[in-house]
Amino acid sequence: MAQRFEYRVVELREGLIGGRMSGDKLEKVLNQHAREGWQLKAITSVEVKGRIGPGGVEGVLVTLERPTT
1 MAQRFEYRVV
11 ELREGLIGGR
21 MSGDKLEKVL
31 NQHAREGWQL
41 KAITSVEVKG
51 RIGPGGVEGV
61 LVTLERPTT
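All residue numbers for the sequence shown refer to UniProt numbering, where the first residue is 1 and numbers rise by one.
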């Protein structure tokens, strides 16, 4: 029987009005999810809608995967 997986997509940006994504923040998020059994599947750079003002800010979508139980 083929193994089944579930996925989680996490949207990350450095701040409300932009800023460069720090490696430390990304590492913290990945380690937090790894403790729950998730592993990194993909990272995609995207423009994320900002909470302040029009337009978007640079961010990343982190796709995580883990086997279903």
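Beta carbons are placed, not taken as given, at the ideal position from N, Cα and C, and that holds for glycine.
Quick check: what's the CA-CA separation for Glu47 versus Thr68? To locate residue 47, count along the sequence shown from 1; it is residue 47. To locate residue 68, count along the sequence shown from 1; it is residue 68. Between Glu47 and Thr68, the C-alpha separation is close to 31 angstroms.
Which residues mark the beginning and the end of the beta strand (DSSP E) in which Glu27 is found? Sequence index remark: in the sequence shown, residue 27 carries index 27 (1-based). Note, Glu27: premise wrong, no beta strand (DSSP E); alpha helix (DSSP H) at Gly23 to Ala34.
On the DSSP bridge assignment, give the partners of Gly59 in chain order. Taking the first residue of the sequence shown as 1, we reach residue 59 at position 59. DSSP output for Gly59 lists Val46 as bridge partner(s).
Using the Cβ count rule (16 or more neighbours within 10 Å means buried), how would you classify Val9? For the purposes of this step, residue 9 is identified with residue 9 of the sequence shown, where counting begins at 1. Counting Cβ neighbours within 10 Å, Val9 comes out exposed, since fewer than 16 surround it.
Name, in chain order, the residues that DSSP records as bridge partners for Arg8. To locate residue 8, count along the sequence shown from 1; it is residue 8. BP columns for Arg8 point to Leu64.
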